[in-house]
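This report refers to the structure that appears directly beneath it.
There are 2 protein chains.
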Amino acid sequence: MKEDYGVYAMYLKALSDETRLKIFDMLSDGELCACDILEEFNITQPTLSYHMKILSESGLVDSRRDGVWMKYSINIKSLEALKQLFDNITLNMDSTSLSLSFSAIKY
Amino acid sequence: MKEDYGVYAMYLKALSDETRLKIFDMLSDGELCACDILEEFNITQPTLSYHMKILSESGLVDSRRDGVWMKYSINIKSLEALKQLFDNITLNMDSTSLSLSFSAIKY
DNA sequence: CGACGATATAGAGAAGTGTCAATGTGCTGT
DNA sequence: ACAGCACATTGACACTTCTCTATATCGTCG
C-alpha cells in the first residue's frame, strides 16, 4: 500500500479532469458505449477517444468491442483500491481527528 | 453532489501528483510543519512551498502559522467528501456490478 | 534594531495536457 | 467487394504543470 503511490497518483490524475470524472460517474450506472457518452458532452469524437484511452490505460475503466461499438465499464478492483486509499487515511488519524471522523460515520 | 464535479476534479488534481499524494498521506498521522515534510523528499524548499500552496488552496489541507513555522493538517471535511464521492459510485451500480461489489466488502 | 532561520514569491524553462481537424482502421450490412 | 458507421490515431497548437535559482517576506531572539 505505502509503495503504490505511483499507481494511486495515476488513478487520481485520470480522474482529475472534469470530463473524465463525469464519465466515470456516468459509468457507475453500468456499461456504456462511446456514442452514448459523447452525446453528454460538447467535445469532438477524437477528444472523447483521447479521454477514454486515459481512463482505460490507467486501469480504472474496462473496454470491450461489441460489433461496431466500444463498451466501457468501471473496473471494480481499481475503484475498491481508491476507496481503501482514502479509508486508510482516516484510520491512521490521531485522537483529535478520530473523534471528528467517528461523528461522520453513517451506519 | 452531481453538480460538484469541478470541486472534486480540483481535489483529485491536487492529489494526482505523487509528491502531493505522499504529503497528504503523511499528514494522516497528524499535523506537520513544512520543514518536517521537506526532509522526506528530494525537492527544494520552493518546490515544496508550491505543492503546499496547491494542497491548501484546493481545500484539502489546512495551514496555520506557529511562530516561524507553517503547520499543515488534513481538512476532514474535504476528505469525507472524497470518500463519499467514491462510496456513491458503488451504490449506483446495477445488479451485475453489485454482486461483484458485495464480494469485496470486508467487514 | 539587526541578523538569522523558515517560508513565500518571481521568473524561466522543459515537459505534459486537452483540444481540434484530418485521416486511418475495423466491423457490418447489402 | 464496398459503402457506411463507430471509433482510433496523427499532427498541431495553446495552455498548464513542475521544477529550479534567485530573491523577498515574516517572525524570533539577542
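Protein chains in written order, with this note's numbering: chain A, 64 to 170; chain H, 64 to 170. Here a beta-carbon is modelled for each residue, glycine too, at the ideal position from N, C-alpha and C.
DSSP lists H:VAL124 as the bridge partner or partners of ILE137 (chain H). With its beta carbon at least 7 angstroms from every one in chain H, LEU101 (chain A) lies outside the interface. Remark: C-beta atoms of GLU94 (chain H) and SER136 (chain H) approach each other more closely than 7 angstroms. Against chain H, the beta carbon of GLU120 (chain A) has no neighbour under 7 angstroms; the closest one sits roughly 15 angstroms away. The C-beta of GLU103 (chain H) has fewer than 16 other C-beta atoms within 10 Å across all chains shown, which makes the residue exposed. Under the three-state reduction of DSSP output, ASP129 (chain H) falls in the strand class. The shortest CA-to-CA distance from ASP67 (chain A) to any of H:ALA72, H:ASP80, H:ASP67 is the one to H:ASP80.
Around the C-beta of ASP88 (chain H), 16 or more other C-beta atoms lie within 10 Å, and the residue is accordingly described as buried.
Residue-level contact check: ALA144 (chain A) does not touch chain H, since none of the beta carbons of chain H fall below 7 angstroms from its beta carbon. Taking 7 angstroms as the upper bound on Cβ-Cβ separation, chain A lies near residues TYR68, GLY69, TYR71, ALA72, LEU75, LYS76, LEU78, SER79, ASP80, GLU81 of the region 65 to 83 of chain H. Within the region 73 to 115 of chain H, the runs of alpha helix (DSSP H) that reach at least 4 residues and sit entirely inside it are, in chain order, 81 to 89, 97 to 101.
Remark: C-beta atoms of ALA77 (chain H) and LEU118 (chain H) approach each other more closely than 7 angstroms. Counting only Cβ-Cβ distances below 7 angstroms, LYS85 (chain A) has contacts in chain H at TYR68, in chain order. A check of alpha carbon separations from THR82 (chain H) across H:MET73, H:GLY69, H:GLY130, H:SER112 identifies H:SER112 as the nearest.
Taking 7 angstroms as the threshold, the shortest C-beta distance from PHE149 (chain H) to chain A falls below it.
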